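J.: Numbered per the numbering used here, the sequence shown spans residues -10 to 212. For glycine and all other residues, C-beta sits at the position ideal for the given N, C-alpha and C. Given the structure is predicted, the values throughout are model-derived calculations rather than measurements. The structure's right below; bear with me while I get my questions together.
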Amino acid sequence: MFALFPRAGGMRIMAQPIAVSKSVRRAVGIDDGLSEFSNQEMYRELLSRLGEDPGRDGLLATPARVEKSMAFLTKGYREDPANILRGALFDEDYDEMVLVKDIEMFSLCEHHMLPFFGKVHVAYIPKGKVIGLSKIPRLVEVFSRRLQIQERLTRQIADAIQEAIEPQGVGVVIEARHLCMMMRGIEKQHSSTITSAMVGCFRQKETRQEFLSLLRQPGTGAQ
Ligand code: ZN
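Structure, rendered in structure tokens:
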């Protein structure tokens, strides 16, 4: 009942990206027959391959729960950052640094599909336009609710702001901890990974240093 996939050549089949939608699978020529199975059937199969009994009480509803939680954790694929920013861009002469600090971020690493999480700091210096402040955490959310690597997440946030308002410059810093490293003992429990993306005037030493020194200051506790 739960042996949905043939064992022969099973490794090859399982190596295919199972999260790709039917239409995309057809477009890229993936035809391994798995698209006929529901997500829940595949999670049930996975449980059984892990050595579990998907029929026992505690696991009966697990495929449905995993499907729901994975849909939430990857909802960023179905959201358009440009759409979120549209209607929240305002003409403004302000030309000092705008900094949104300590934005909570939860994402999944694309190599292990395990969480990485931490804080995102976003700064920009406007050139005639500003973004509604609440939209910056939303932007972080859209890109982090996808399979990611921290470096690309950092870059995508910076690029989206750059494209939306063409400011004098943008800086994004992410400090995160990766469960794929921590749980497997590759990283010390308390170390974190820091990535940054600097665009425009944030590439200049002075602006970058102003940004980084603002990050070192303790928060106001407003968040
Ligand atoms: Zn990983």
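What number of angstroms, rounded off, separates the C-alpha of D21 from the C-alpha of K194?
T.: Residue numbering aside, residue 21 sits at position 32 when the sequence shown is read from its first letter. Residue numbering aside, residue 194 sits at position 205 when the sequence shown is read from its first letter. Cα-Cα distance, rounded: 52 Å.
J.: Report the rounded CA-to-CA distance for V129 versus V109, giving the unit in angstroms.
T.: As a working note, residue 129 is residue 140 in the sequence shown. As a working note, residue 109 is residue 120 in the sequence shown. The alpha-carbon atoms of V129 and V109 are separated by roughly 8 Å.
J.: Thinking just about the alpha-carbon of each residue, which of L204, S185, Y66 is nearest to the one in L136?
T.: By one-based count along the sequence shown, residue 136 stands at place 147. Selected option, being the one with the closest Cα: Y66.
J.: Given this structure, state the Cα-to-Cα distance separating V161 from T143, to the nearest angstrom.
T.: Indexing the sequence shown from 1 puts residue 161 at position 172. Indexing the sequence shown from 1 puts residue 143 at position 154. Looking at the two C-alpha atoms, the distance is approximately 6 Å.
J.: For P255, which residues does DSSP report across the bridge?
T.: Look at the range of the chain in this structure, -10 to 212, and you will see that residue 255 is not part of it.
J.: Would you check whether the ligand ZN has a heavy atom nearer than 8 Å to the C-beta of M170?
T.: In the sequence shown, counting from the first residue as 1, residue 170 sits at position 181. M170: yes, Cβ under 8 Å from the ligand ZN.
J.: In three-state terms, what does DSSP make of E85?
T.: The count along the sequence shown starts at 1 and reaches residue 85 at position 96. Coil.
J.: Given a cut-off of 9 Å on the beta-carbon distance, is the pair I163 and S180 in contact?
T.: Reading the sequence shown from its first residue, position 174 is the one you call residue 163. Reading the sequence shown from its first residue, position 191 is the one you call residue 180. Going by C-beta atoms, I163 is not nearer than 9 Å to S180.
J.: Rounded C-beta distance between K118 and L78? I'm assuming under 8 Å.
T.: Working through the sequence shown from its first residue, we reach residue 118 at position 129. Working through the sequence shown from its first residue, we reach residue 78 at position 89. K118 to L78, Cβ: 5 Å. Contact.
J.: May I have the straight-line CA-CA distance separating M171 from L103, to the nearest angstrom?
T.: Reading the sequence shown from its first residue, position 182 is the one you call residue 171. Reading the sequence shown from its first residue, position 114 is the one you call residue 103. Cα to Cα, M171 sits roughly 10 Å from L103.
J.: List the endpoints of the continuous beta strand (DSSP E) containing I216.
T.: A question about residue 216 goes unanswered here, because the residues of the chain that appear run from -10 up to 212.
J.: Quick check: does the Cβ of C190 come within less than 8 Å of any heavy atom belonging to the ligand ZN?
T.: Along the sequence shown, one-based indexing puts residue 190 at 201. Outside the cutoff, so no.
J.: Go through its chain and collect everything with a Cβ distance to L122's Cβ below 7 Å, but skip five positions before and after it.
T.: Start at 1 with the first residue of the sequence shown, and residue 122 comes out as number 133. Hits under 7 Å: V89.
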